[in-house]
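What follows is one structure encoded as structure tokens, with my remarks underneath.
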Amino acid sequence: MRKPPVLCPDDDAVSVGRIFATPLMVKGFTWFPLAQCIVWGIMSWIAGKTRPDRSLGERMRIAAYTMPVVLGSEWGHNLAHAAAAKRIGKPMDAIRITWGMPLCVYYDINDDSVRPRQHIFRALGGPLFSSMLLLISSAVRRITPSDSVFREVADVSYATNAFLSTVSLLPIPGIDGGPILKWSLVERGRTVEEADQVIRKVDGGLGIALSFFSGTAFSRGKRVIGLLTAMLAVMSFGVAFGWIREQE
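Under our numbering, read the sequence shown as residues 2 to 249, first letter to last.
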């Protein structure tokens with residue numbers, strides 16, 4: 002199956018502004034910040050799990066600090082892609098705000114007016130930004146007391162950006178590592194079709210590796226990590242077997 006686009010040029014969407022020369026689009030009622038509400042609840046639960054003695058009010062207060070860190074890191078990651086695209090004069094077609102979160106939109110992912118190195122530069126913007134936040138978070142963790150709220154926020158920022166800066170580089174289409182590998186191959190002389198075939202083969206091996214990692218995580222009681230890697234494994238196998246394609 003072809004991966005459904007998050008936005009089409011003829012969609013009934015409304016522009017609510019521009020950032021880095023890219024229109025911010027909303028469609029229907031999907032602007033509602035549902036992600037913020039859900040993550041607030043999740044972070045409240047985590048705050049209580051790490052410190053069972055906390056009251057509900059304290060858990061919600063901690064979540065009011067950690068939720069913006071988690072989702073703000075994701076926003077920053079995507080806006081860094083937009084900034085990189087503007088820097089090279091090839092801005093995104095749109096950023097769609099869906100349930101409070103950004104989705105980067107390119108109407109033609111194989112746009113031949115964009116050189117392979119420019120494709121790579123746009124894809125690297127997010128991982129570089131997340132890596133920078135990871136370094137800052139690491140420094141803050143070292144200078145804050147272990148039992149302080151600041152340390153807890155820094156820990157959340159560290160974990161979030163460690164995840165974003167590593168997982169985003171997996172060679173899966175739709176994730177930053179996919180375009181980076183694809184256009185690196187094209188720059189070295191492969192056709193787009195040949196590069197896509199290489200990625201399918203790579204994702205087959207990646208799916209096996211992620212499945213093994215997921216099973217190990219579940220066996221050690223790390224269910225969240227196990228679930229996330231299992232989802233990535235499914236995506237990898239979907240690409241490898243041709244069930245998931247970015248564009249016809």
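Glycine included, each C-beta is placed from N, C-alpha and C at the ideal position.
Return the chain-ordered list of same chain residues with a C-beta closer than 6 Å to the C-beta of residue 151, the five sequence neighbours on each side being excluded.
So the qualifying residues of the chain are 145.
Residue 92 and residue 21 - do their beta-carbons sit closer together than 8 Å?
Yes, they are a contact pair.
What do you get for residue 183, buried or exposed, if any count of 16 or more other CB atoms within 10 angstroms of its CB means buried?
The residue in question, residue 183, is buried, as its Cβ has 16 or more Cβ neighbours within 10 Å.
Measuring only the C-alpha atoms, how far is residue 211 from residue 38?
Taking the straight line joining both Cα atoms gives about 30 Å.
Going by Cα to Cα distance, which pick from 95, 123 and 109 is closest to residue 14?
Residue 14 has its Cα closest to that of 95, out of 95, 123 and 109.
Less than 8 Å between the C-beta atoms of residue 166 and residue 135, yes or no?
Contact: yes.
Could you tell me the boundaries of the beta strand (DSSP E) in which residue 24 lies?
Unbroken beta strand (DSSP E) run through residue 24: 23 to 27.
From residue 240 to residue 247, what does the alpha carbon distance come to, in whole angstroms?
Looking at the two C-alpha atoms, the distance is approximately 9 Å.
Which same chain residues, not among the five before or five after residue 218, have their C-beta less than 7 Å away from its C-beta?
Taken in chain order, the residues that qualify are 226, 227 and 230.
Give me, in chain order, the residues of the same chain whose beta-carbon lies closer than 6 Å to that of residue 34; leave out the 5 immediate sequence neighbours on both sides.
101.
What whole-angstrom Cβ distance do residue 173 and residue 122 have, given they're in contact under 8 Å?
Actually they do not touch by this definition, with Cβ atoms about 19 Å apart.
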